[in-house]
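In the UniProt record's numbering, the protein residues as written are 1 to 336.
Heads up, the beta-carbon is just placed ideally off N, CA and C, and yes, glycines get one too.
Here's the structure, in structure tokens; my notes come after.
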């Protein structure tokens, strides 16, 4: 059945009531409780279980602090709840292999806008075909592309911060330094080289180096907004070399652990197979013993039957002998 209804809803707005109509509202005013009534117009009939969307209970035009509430009310879904997609987490070893594959598959080193889907698909295929496998599930080209773009964004943010700010310089991680080397090599068209300064007086890098070597003046560190963090050389004693050595050690340890686990599983499988073979052999011996036992029982029954048959034959002979004797006595008596 349908009937006329009037809905009444109390809403506590997290902003002062005056901010709904006046642009100048005092922050000291406490939050007020507003009552919103929804009455169907005319003779409209609605069912008893009519669902009311939360965005109907919030004013459509709210100035100032109420914009966030209005935006949340408009974006709130009225149908099925949206499912959260779990984020994919990369380990250090996986990121290192990703960067190595990314360095090999860059087709256009001088134009970063031409990175197409084939390159990301090739990188994802390389990562998925590693032995032993790096991931529990295969990664997609979109996941690879998003990871590289996120790393580029963090790297550029740190570099911009170090160029603009002279204090609290942010250090790059070994993975970010590795990505920075790949990007620098792609821009220069070869391996990364030392940073050289040039000026209008010395346009080329070689002339700038010769002028710096012939000059007796020492360069003072740049201060203010022009200060930037110099890139540390990748020698045997650098943090990157130590990190790479640590990663290689961890990777070799992981491979050794995988080989050890495979050997243990093979030994367990072999032991299980030998145990099953012994069980099958024992079952066959038990079946053979049962067959011999049944044959022995049959022989015993046959011998017993033969013995009883002989006894019956002997009794029949005795009875026949007695009958013959009795008949002979009768004939002799009749003859006399």
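Asked: Where residue 280 falls, given that 16 or more other Cβ within 10 Å makes a residue buried; Found: exposed
Asked: Three-state secondary structure assigned by DSSP to residue 249; Found: helix
Asked: Simplified DSSP assignment, three categories, for residue 127; Found: helix
Asked: Member of 312, 101, 293, 258 whose CA lies at the smallest distance from the CA of residue 133; Found: 258
Asked: First through last residue of the alpha helix (DSSP H) which encompasses residue 142; Found: 141–164
Asked: Cβ-Cβ distance between residue 147 and residue 179 below 8 Å; Found: no
Asked: Residue 169 - DSSP class collapsed to helix/strand/coil; Found: coil
Asked: Nearest residue (CA-CA) to residue 167, options 158, 173, 174; Found: 158
Asked: Chain-order list of residues whose beta-carbon lies under 7 Å from that of residue 174 (same chain, five-residue window excluded); Found: 239, 240, 243
Asked: Boundaries (first-last residue) of the alpha helix (DSSP H) holding residue 187; Found: 174–188
Asked: Between the CA atoms of residue 140 and residue 88 - distance to the nearest angstrom; Found: 11 Å
Asked: Residue span of the alpha helix (DSSP H) that contains residue 99, given as start and end; Found: 92–104
Asked: Environment of residue 329 [buried if 16+ CB atoms lie within 10 Å]; Found: exposed
Asked: Own chain, CB closer than 6 Å to residue 334, minus 5 neighbours either side, in chain order; Found: none
Asked: Neighbour-count burial assignment, residue 319, 16 or more Cβ in a 10 Å radius; Found: exposed
Asked: Closest by C-alpha distance to residue 137, when choosing among 275, 94, 249; Found: 94
Asked: Own chain residues within Cβ distance below 8 Å of residue 327, not counting five before or after; Found: none
Asked: Burial state of residue 290 (16 or more Cβ within 10 Å); Found: exposed
Asked: When 182, 315, 142 are compared against residue 155, the one with the closest alpha-carbon; Found: 182
Asked: Residue 101 vs residue 126 beta-carbon contact at 8 Å; Found: yes
Asked: Alpha-carbon to alpha-carbon, residue 263 and residue 271; Found: 12 Å
Asked: From 116, 135, 249, 164, residue whose alpha carbon lies closest to that of residue 142; Found: 116
Asked: Inter-residue Cα distance where the pair is residue 296 and residue 305; Found: 14 Å
Asked: Nearest-angstrom Cα separation, counted from residue 299 out to residue 275; Found: 36 Å
Asked: Spatial neighbours of residue 176 in its chain, beta-carbon cut-off 8 Å, leaving aside the 5 residues before and after; Found: 151, 154, 155, 158
Asked: Residue 266, buried or exposed, once every other Cβ within 10 Å from all chains shown has been counted against 16; Found: exposed
Asked: Cα-Cα separation, residue 187 to residue 170; Found: 23 Å
Asked: Inter-residue Cα distance where the pair is residue 323 and residue 293; Found: 45 Å
Asked: From 321, 286, 254, residue whose alpha carbon lies closest to that of residue 131; Found: 254
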